[in-house]
Structures are given as structure tokens and as C-alpha cells.
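These protein sequence lines map, in sequence, to chains A and B. Residues 1 to 317 (the numbering used here) are what the first sequence spells out, left to right. Residues 1001 to 1456 (the numbering used here) are what the second sequence spells out, left to right. Virtual Cβ for every residue (Gly too), placed ideally from N, Cα, C. In this text the structure is predicted, and so the values were computed from the model without any measurement. Below is one structure, written out as C-alpha cells, with a few remarks after it.
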Amino acid sequence: MTTLLTGERRDRVRRWRASWRRRDTRAAYWFISPWMFGFLALTAGPMIASFVLSFTNYDGIGPTHAVGMDNYRQLFEDPQVATSLLNTLVFTALRVPLSMALALALAMLLLRVGKAAGFFRTVFYLPVMTPSVAVGILFLLLFNGNMGLVNNVLGFFGIPGPSWTTDGSWVKPGLVLTTLWALGSTVVIYLAALRNVPQDLYEAAELDGASRWKAFRHVTLPQISGALFFTLIVNTIASLQTFTEAYTAFFGTSNAQTYSHEAALFYVVYLFQQAFQFMHMGYASALSWLLFAVILVITVIQAKVSKRFVYYEGDAR
Amino acid sequence: MTAPPPHHRRRHRRPAALAAVAALLLPAATACGGVGLADTSDTFTTMGYGMGDALATVRVEKARKTLGTMKLEVNEGAFDEQQFLSAVAAGDPPDAVRMDRTLIGGYAARGAIMPLTECLRDQDVDLEQYRDGAVDEATLDGTVYGLPDSYDNRLLLINGKVVEEAGHRAADIDTSDWQALRALAEDLDRTRGGKLTRIGFDPKIPEFFPLWVRANGGSLLSADGRTAKLDDPRTVEALRFTVGLIDAQGGWGGMKALRDSFDQFGAGNQLVRGQVGAYPMEDWYVSVLAETSPDVDLRTKPFTDRRGEPVNYVSGYSWVVPKGSPHPEEACEFITEMTAPDTWFAAARAKAAEIRKDGSPYIGDFTGNKVADRRIHEEIWKPTGNAAFDEAARQLYAAQDNAFSVPANAAGTEFRKAWQSAVNSVLSGDAGPREALEQAQQRAQAALDRGNTERE
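So, in C-alpha cells, the structure goes:
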């Protein structure tokens, strides 16, 4: 068995070497070389460096000393780590399902619009182009408890709006609602997936007397499950790394920092504070590896669970 | 497909190789981003300084002369901690930096900025000319790290119209009597439809919390900057009172929301629109009011402690020389000139002329340099006939001598964040004053100990 595997591997290596004799292969590597350089120099390199630094007391300026596992031990003693991690997980748990459901609803609406779909697709995509910093500032304006548009609209219906920017219970929901408007990318992915669902499956379901809900449940969802899974992974990772909107609204300026709210202290914001404001680069590196581990665990769980639900065209299952 | 002849191949290969090299170098070149900090030997760069008005431009023009033939590059914009730290770590810092004085201790403890001991000696600088509050904030363990570039005083702003309409006299408002202050706040505040429309008295916490602690006879930090005093009973009492003052006016949510909706820099500011009765504020805002709403019914008084003595909490910016500054000697000359009495005087004269040309009252400039302040007060400032702003200017000049600042400390930002977080958590109802300040004390002291240990 081992001999067989070794033989297969040897064949694969031989084929790979032989491929270099082809002009197309060399050209392909030339074309992807900028990305490879970018990955090695700007991603893999800093990752390795941050791993090494996570075992030191590096402050960015002075001499660096090895501190063993101290930084990792401190992760468990620092209450701000648990606070920021919990804030981030709550934000992710609120944002990801909401954004997916809303994007799917919009994509299904777009599917029925017909000729005007192109226009609405552009309209839905435009907010994606808005800088996140502007979205952070917008949050403070829209959600101002006294004069904000959101509370004015709620007040019109007789609902007293909460203090979105100062009440710890409402800071995260407010930020989730603010980030929800940039759904364009997810909508475009769902729209493409919905267009690929074979119409004959709907016709067969209709002949079998399936209701609209049952057709959606048993035809649409399984057929677009690949796209749903992809956006679940991508949105989860993006939410766990969320930074700009919360940082701009609550930590970006010295004035905002003065009024910063613990409920908006997301993990990457805390990591940034440790690195660039408190100058604990070594500890910040350990924080970044903890986040990497959290994202890895969540993604692996999602991938494992998805095997039961995700349908890929051509898949034997 | 057959391969092209060898000479063709060579001809194709060269542009392809060049393109590949360019593609490899492009990301590296563009990845740097941010503000470019020139490091050529004939260029002197600054960070954190803006050329907003005549006061700024005239000073730079005067200081530029100390650089001889060197080119001066002023990177305008607010000081950016990430940009600064990255530049110092990369060994490519600017020559001189203007930063918030509360940051100086933390950077000094880690060796990110240079002591000015030699600079002061070489330039024969008389440290006595600078105000104590500004020097203390930039002095760690007896070593001076920064020369003051601004000096922000706090005094009490009173909306005469609002106060008198409610049947009070501005002269009777007294921050030493906390019980009366609370009654006044409750009397002046207004709500409509469940929303706060006027703040009666705004204690301006978290940012002015050190002022309330001092007014109660305490301090956030020992004079040597090594021992946090956040759980001191006087600190706890000050927090309990100020948060109670806000709660008595409907709570933090409503007050913060109203504050955020102020048109602070416009003609329809909070004093003009009657959205606030009285509050302590920095001197720069008096200048803003003089320009945007010179007819507002402004009254000013010194903030007094509980014994009735005037107390003035000062903060501001200072010039520092970062570690690895390419031109440390020129940087020393530059910052000395920027903060010298003659420079301030010339700049203030230009600013006053600019303001008077617009018909606005000039209320003076507060520099952190006693000699400059005296000359500006005596030779440039003069009563304008606008009683409110003339009185404000007099109050501000009088307040300079009763000033205090939070001493420099090795924890820098971490110390400030500790007490600010405590105040914020009490304001948002997440913790009580004692509990929040006890936690903050532990956090602050740990940061101070760590900073001092690393330093030693």
C-alpha cells in the first residue's frame, strides 16, 4: 500500500515537473506571480512573524524579550478578551442570518422584476461601494436617540426609540442594522444561484401539487445550498473580523474614544488598541492567533455540518 | 503548436520579465500607503500639526527659518497613533511631532520619543517660561519630553438668557455647592415628548472627570505618576455626584443624544438655541462662539472647588522629537522656535488682525508659555466693547494660575482608558461608581506597574 502511494506521489511530481516544459504552464505562473508574491510577502510573512512575536514582549520600539506562554496565559486572565469576544460572537450571530435572509429575499424579488432587474441590482449593489468609515459616521447620525432618522420614524408610529448609541443593549443591534444595507455582493451571488435552478424542477413540483412554500423549501433551498454555504462562511469570517464601522463610531477620534462603549468593543478593535495604543504588540499577536483559532474552529464546524445540507451539482449524494 | 524561433522567444522574454518584476515590486511599493514621511536628508518633516489659521502659519514660517536651506514638509492632519508607531518601529519617523500630552508618558516610557534634556541645554531654554501644568504633563521621572504647543483652560460657560428666564442669576451659579448645582440643573432642564430638549447643567464627563475629582479634593494619580488613585473615596464621590447630576436630568442616553445633535461650530449652536443652561468648557470654544455668535448672551465664571476656590483643569498638545528623528538637532531648534515668546507674539498679532478684520472679538491666545501669554494679553488683546467676550477673556487670563493637569505616567493611553471606561460603564448603567472605579484602579495600576517595570 505504502509502495503504491509512494509510486502515485512520484508520478504526480513527475507530471508536475513535466508541466513546466509547457509554455502555457510557465505563462500561468508568471501571471499569478504577483499574487504569490503578495501572499508570501504580505500575508504569510507577517503571519509567521506575528506567531513568533506572540511569544515575546515586543512593543514596536524597545528591545524584545521572549516571554514564553505569558501572552497566551494572559488571554484567559484579561476580562476584556472575553468581553470583546462575546460582543463579536453576538454581532456575528445577529448579522449573518439576518443578512443572508434579507439578501435571499431581495434576490428572489429581483428574479421577478424582469427588465428592471439590472437597475435594481445596481441600486442594491451601490451601498457596497460606500466606505465603511462613512457607514460608521452614518450610524451615529441615523441612530441618534434624540434627532436620528430611525427614532423619528419609530416615533411617527408611536414607538419610543431606544438610545441606540449609549444603551449597551442596543449598540450591537444598531450596528447590525447599519451594516445590513451593504448586502449587494450576497444578493448578486444568490441571484446567480437562483437563475441556475432548473425550471423543470419547479414544473415537476407544481405537477405534484407542491405549494409555493414547499417548492421553495424542497427545490430552491437545496439547489442554492452551495451559494448559501459559501456566503455563510464568508459572512461569518467577515463579521468575526468586523472593525471599521464600530471603530469609526466609537473609537476613531479622541472624542469618540472618550465616549467609547464597552458594547462596541469588538475583538479586532481591542486587538488594535493593544497593538497601536497600548503598544503591546506581542500580546496583540497572541490575540490575533486566538481569533484565527476561533475562526478556524467555527469554519470547520460549518463545513462539517454543511455536508449534510449542501447539494453540489454532479455530487453522487 | 510549434515553439517560436529562438530570437523571437528572446524578444518576448524580455518584456515578460520586466512585467513580472514590475508586478512583483508594485504591491510592495503600494502596500506602504498612508502619509508619506520624507526621509531625504534635506527634508524636515512634521506630524500632527495643521495650518488652520494665521496662528499656525505664522509660527511655521518663523520656525522654518531655523532650518536654513532644508525643505520643510508639514504633514497636516491629526496625530495618528498607528502611523506614528509604525514609522518609529520602521526607523523612518518624522523629525518633530505634535501630540496630545496625555500620550507623552507612555511613549517616553517605551523610548519612542527622546528626552529634551540636551536640547533644552543646547538651546539655552528657560523651562520656567512654560506653564507648570503643561510641563508636568510632559515630564516623566523628572525628564522633560515635550514643549507645550497649546494650553486648554476650562471655565464655566453660562447661558444668561436660559438662566434668567428660569428665575436665576448667572452670578449665583456656584459649582462649589453640589446640592444647589443639582437643584439648578433640574430647574433649567427641559423635555418635550419624553425627549430632553435642554440640558440644565452638563458636567461634561467623562472628559472633564479629573476636574470634578480635583474639585472634590482628590486626584486620579499621584504627583509622581506611579500610583493610581481611582478607588479613592473622593474619586468615587465625584463620580457618584456627576452621574447623579445626569440622571436627575433624564439620564445619559438622552443627554448624550442631545449633545451629539448640537450644531457646535455653527451660528445655531447649543447656546444660541438654548439647548444648554451651563457647563464647564475649554477656552477654544469661547473663540468659536466669538466668531459664530458674538451676540449670544454668554456669561463666564471660574469653575470652583467645594471650598469655593477657582480650579482650572488644563490639557493640550506638545512638540516632541521621536526616537530616530533624522535631524534631532534641527528638530530641537524647530520646536524651541515654535514655542518661543516672539513666535507666539507674532502669530497672535496676525491672528488678532485676521479676526478683527472680520468684525469678531479677539479673546486672546493661551499658549502654555507665560511670557508669551503676558505679552499677548498686554500688547495685543484689548477690550472690544462686547462685554460678554471681554469678560470671558479676563476670566481666562485669571484662570491660568490656578491650573492643574494629570501628571505624565508610563501607562499613557492605557491609564486614561481605564478611568474613562469606568465612567462610561457607570453612565450606561453597567456598573456602580465604586465597583467600576475599583476595577479601573486594578487595571490602571497594573498598566502603570508594567510600564514602569519595562522602563526600569
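By DSSP's criteria, residue i is part of a beta bridge. Which residues make up the other side?
i         : result
Asn1369/B : Tyr1130/B
Asn1075/B : Met1047/B
Arg1349/B : According to DSSP, which records beta bridges pairwise, Arg1349/B is partnered with nothing at all.
Pro1310/B : Thr1304/B
Pro1322/B : Ile1113/B
Asp1100/B : Tyr1317/B
Thr1143/B : Leu1140/B
Leu1157/B : Tyr1279/B and Thr1300/B
Asp24/A   : Paired residues: none, contrary to the question.
Phe1404/B : Tyr1313/B
Asp1152/B : Ser1315/B
Report yes if the C-beta distance between residue i and residue j is below 7 Å; otherwise report no.
i         : j         : result
Arg1394/B : Ala1418/B : no
Met281/A  : Tyr58/A   : yes
Thr1043/B : Lys1071/B : yes
Val219/A  : Leu194/A  : no
Gly136/A  : Thr248/A  : yes
Tyr283/A  : Gln80/A   : no
Ala246/A  : Ala264/A  : yes
Glu1165/B : Ser1405/B : no
Ser54/A   : Ala286/A  : yes
Gly1091/B : Val1320/B : no
Val1060/B : Pro1206/B : no
Val310/A  : Gly252/A  : no
Val1296/B : Leu1258/B : no
Gln277/A  : Thr1413/B : yes
Val96/A   : Thr299/A  : no
Glu1199/B : Val1276/B : This sequence places Ile at residue 1199/B; Glu is not what is there. For Ile1199/B and Val1276/B, yes; Cβs fall inside 7 Å.
Pro1294/B : Pro1361/B : yes
Phe1366/B : Asn1153/B : yes
Tyr267/A  : Leu291/A  : yes
Quick one: measure Cβ to Cβ for residue i and residue j, integer angstroms, because I've assumed they're closer than 8 Å.
i         : j         : result
Thr165/A  : Gly155/A  : Not really, about 16 Å apart at Cβ, beyond 8 Å.
Ala1411/B : Gly1451/B : 5 Å
Phe216/A  : Ile189/A  : Wrong, their Cβ atoms sit about 18 Å apart, outside the cutoff.
Gly161/A  : Val150/A  : 6 Å
Thr1343/B : Ala1087/B : Between Ala1087/B and Thr1343/B the Cβ distance is about 26 Å, and since that is not below 8 Å, they are no contact.
Ala1267/B : Phe1389/B : Between Phe1389/B and Ala1267/B the Cβ distance is about 16 Å, and since that is not below 8 Å, they are no contact.
Met1051/B : Val1074/B : 6 Å
Leu1196/B : Gly1254/B : 4 Å
Val1213/B : Thr1191/B : Rounded, the Cβ-Cβ distance is 30 Å, inconsistent with contact.
Ser239/A  : Phe91/A   : 6 Å
Pro222/A  : Trp181/A  : Not a contact, Cβ separation roughly 29 Å.
Arg121/A  : Leu228/A  : About 19 Å; that fails the 8 Å criterion.
Name the chain B residues whose beta carbon is nearer than 7 Å to that of residue i?
i        : result
Gln277/A : Glu1081 and Thr1413
Leu140/A : Asp1260
Ser50/A  : Residues of chain B passing the Cβ test: none, with the nearest at roughly 14 Å.
Report the neighbours of residue i on chain A: residues whose CB is nearer than 8 Å to its CB, in chain order.
i         : result
Ala949/B  : For residue 949/B there is no data in the structure shown, the boundaries of chain B being 1001 and 1456.
Asn1424/B : Tyr259, Ser260, His261 and Glu262
Gly1254/B : Gly145, Asn146 and Ser163
Ser1421/B : Ser260 and Glu262
Gly1111/B : Ile61 and Gly62
Pro1206/B : Thr258 and Tyr259
Mind listing the chain A neighbours of residue i? Cutoff is C-beta to C-beta under 7 Å, in chain order.
i         : result
Phe1249/B : Correcting the residue identity first, residue 1249/B is Gln in this sequence and not Phe. In chain order: nothing, as chain A lies at least about 13 Å away.
Leu1085/B : Gly60, Phe276 and Met279
Asp1430/B : Gly168 and Glu262
Asp1449/B : Residues of chain A passing the Cβ test: none, with the nearest at roughly 14 Å.
At 8 Å on the CB atoms, spell out the chain B contacts of residue i, in chain order.
i        : result
Pro160/A : Gly1194
Asn144/A : Ala1257, Asp1260 and Ser1261
Taking residue i as the query, report the chain A residues whose CB atoms sit under 9 Å from its CB, ordered along the chain.
i         : result
Gly1106/B : Gln277, Phe278 and Met279
Asp1100/B : Ser254
Lys1323/B : Ile61
Length-filtered (4 minimum) alpha helix (DSSP H) runs lying within the stretch 56 to 122 of chain A
70 to 77 and 79 to 113
Ordered list of alpha helix (DSSP H) runs contained in the stretch 1229 to 1289 of chain B, each at least 4 residues:
1233 to 1247 and 1252 to 1260
Secondary structure, beta strand (DSSP E): runs of 3+ residues fully inside the stretch 1176 to 1236 of chain B
1190 to 1192 and 1195 to 1201
Continuous alpha helix (DSSP H) assignments of at least 4 residues falling wholly in the stretch 162 to 250 of chain A:
168 to 180, 184 to 195, 199 to 207, 212 to 215, 225 to 240 and 244 to 250
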